[in-house]
Structure formats: C-alpha cells, structure tokens
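J.: As numbered in my numbering, residues 133 to 311 make up the sequence shown, in order.
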Amino acid sequence: MNADAALLLDTVNFAAEKHRNQRRKDPEGTPYINHPIGVATILSLEAGITDIEVLQAALLHDTVEDTDTTHEELEDKFGPVVARIVQEVTDDKSLPKEERKRLQVEHAPHCSHQAKLVKLADKLYNLRDLNRCTPVGWTPERVYEYFVWASKVVRGLRGTNYVLEEKLQELFKQRGVEL
Ligand SMILES: [Mn+2]
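1) In whole angstroms, give me the CA-to-CA distance for residue 220 and residue 309.
2) Please go through the same chain and pick out, in chain order, the residues whose beta-carbon is closer than 8 Å to the beta-carbon of residue 301, but skip the five residues on each side of it.
3) Just checking my contact of residue 188 with residue 140 at CB under 8 Å: how many whole Å lie between their CB atoms?
4) When you measure from the CB of residue 245 to every non-hydrogen atom of ligand 1, does any distance come out below 7 Å?
5) Assuming residue 151 and residue 199 make a contact with CB atoms under 8 Å, what is their CB distance in whole Å?
6) Classify residue 245: buried if its beta carbon has 16 or more other beta carbons within 10 angstroms, exposed otherwise.
7) Measure the alpha-carbon distance for residue 268 versus residue 261 and round it to whole angstroms.
8) Measure how close the beta-carbons of residue 252 and residue 293 come, nearest whole angstrom, since I'm counting them as under 8 Å.
9) Mind checking residue 212: buried by the 16 CB within 10 Å criterion, or exposed?
10) Return the CA-CA distance between residue 173 and residue 291, expressed in angstroms with no decimal places.
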C-alpha cells in the first residue's frame, strides 16, 4: 500500500476514535464521524484535491473543537501543517455562539488556501445535510438563517475553488440567498 493511503487510514481511525461517542443533530442521530469523512470525500472526489495534508485536516477538522484533542497532540501525530490547518478552522469555544459565528465571517478571507478549502467543503456538506433533513429542534427560520450566515462566510472564501463555489452558489440560489 502506498504511504498516503496508510496515512489517511491512520488519520480517519484517529478521528473515528475521538468522535466515537458523538452523533449528528439529524433525527436519525447519524454517527458524527460521517461528517468529517464526508467533508474529506467532497474535497477528494468533487474538488479533485490531492494535497494529503488538506485531506487529513478535513478528517480532523472538528477534533479540537468538539473532542478532548489538543493542538499539540495533532502536531505530534500529524505534523505542524495539518495541525495549523485544523487550528485555522477551529472556533474558540470560550466565546459566545454569536461571537464565534461573527468571527468566522471576519476571519474567512485571511485563512490559508488550505484552510479555505476545508471551510468550503465543510459548509457544502452542512448545507446539503440541511437540505436532506432538519436537525432536531430547528425551525425553518433557523435553517434559513444558517444559509444566510454560511453565505457570508463563503463570500470571504471566494476565488479558492471553482467547483465547490459553484455548488455552494447553487444551494444559496435555491434558498433565495444572495452570495
Ligand atoms: Mn465541520
């Protein structure tokens, strides 16, 4: 087996163990790990990304924000580049939710190209998931507001990947949200 394939397996296994007790917010309670795997798959199969560090960061992108994983742990195991990309897409959970969402909009244009790719694929996955079903406890207004907020983040990521941006643009258009 080639080294990249072994590395990706090690990475997805690490993420699966970290997220092992977590579920998505959909009514079926889909295992959380489906999300990072889906984000990495969008980057590979749809956007044609072959940068292994971007694909690893996609698999790991929610480990620091949502599990006990630390930046140092990622750095030791996967190296400084992967750890840095994950850090760029990690919200500061000590801040109130509205502030975190505002900072995502503000920070998006200043992220590295690699982090922008992960952010685009993350948003694309989440918006598709919202079209598939409504999370438990969400009103239609909350779903719409999520699309509006996501469009503001994506606006700051433009010029990163044509394929992902076209697909996002189409989802916003269907909701009547201006990009
Ligand atoms: Mn995510």
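Just so it is clear, CB atoms sit at the ideal spot from N, CA and C, and this is done for glycine as well. Here the structure is a predicted model, which means the values were calculated and not measured.
T.: This is what the structure gives:
1) Position 88 of the sequence shown, counted from the first residue, corresponds to residue 220. Position 177 of the sequence shown, counted from the first residue, corresponds to residue 309. About 26 Å.
2) Position 169 of the sequence shown, counting from 1, holds the residue named residue 301. Result list for residue 301: 311, in chain order.
3) In the sequence shown, residue 188 corresponds to position 56, counting from 1. In the sequence shown, residue 140 corresponds to position 8, counting from 1. So it is a contact: roughly 7 Å between Cβ atoms.
4) Residue numbering aside, residue 245 sits at position 113 when the sequence shown is read from its first letter. Not under cutoff, so the answer is no.
5) For this step, residue 151 is matched to residue 19 along the sequence shown. For this step, residue 199 is matched to residue 67 along the sequence shown. Right, the Cβ-Cβ distance comes to about 6 Å (below 8 Å), so this counts as a contact.
6) For the purposes of this step, residue 245 is taken as the residue at position 113 of the sequence shown. It is exposed - the Cβ of residue 245 has fewer than 16 other Cβ atoms within 10 Å.
7) Within the sequence shown, the letter at position 136 stands for residue 268. Within the sequence shown, the letter at position 129 stands for residue 261. Taking the straight line joining both Cα atoms gives about 13 Å.
8) Along the sequence shown, read from residue 1 onward, the residue named residue 252 stands at position 120. Along the sequence shown, read from residue 1 onward, the residue named residue 293 stands at position 161. Between residue 293 and residue 252 the Cβ distance is about 6 Å, and since that is below 8 Å, they are a contact.
9) Translated into the one-based positions of the sequence shown, residue 212 becomes position 80. When all chains shown are included, residue 212 counts as exposed.
10) Your numbering for residue 173 matches position 41 in the sequence shown. Your numbering for residue 291 matches position 159 in the sequence shown. Answer to the nearest angstrom: the Cα atoms are 21 Å apart.
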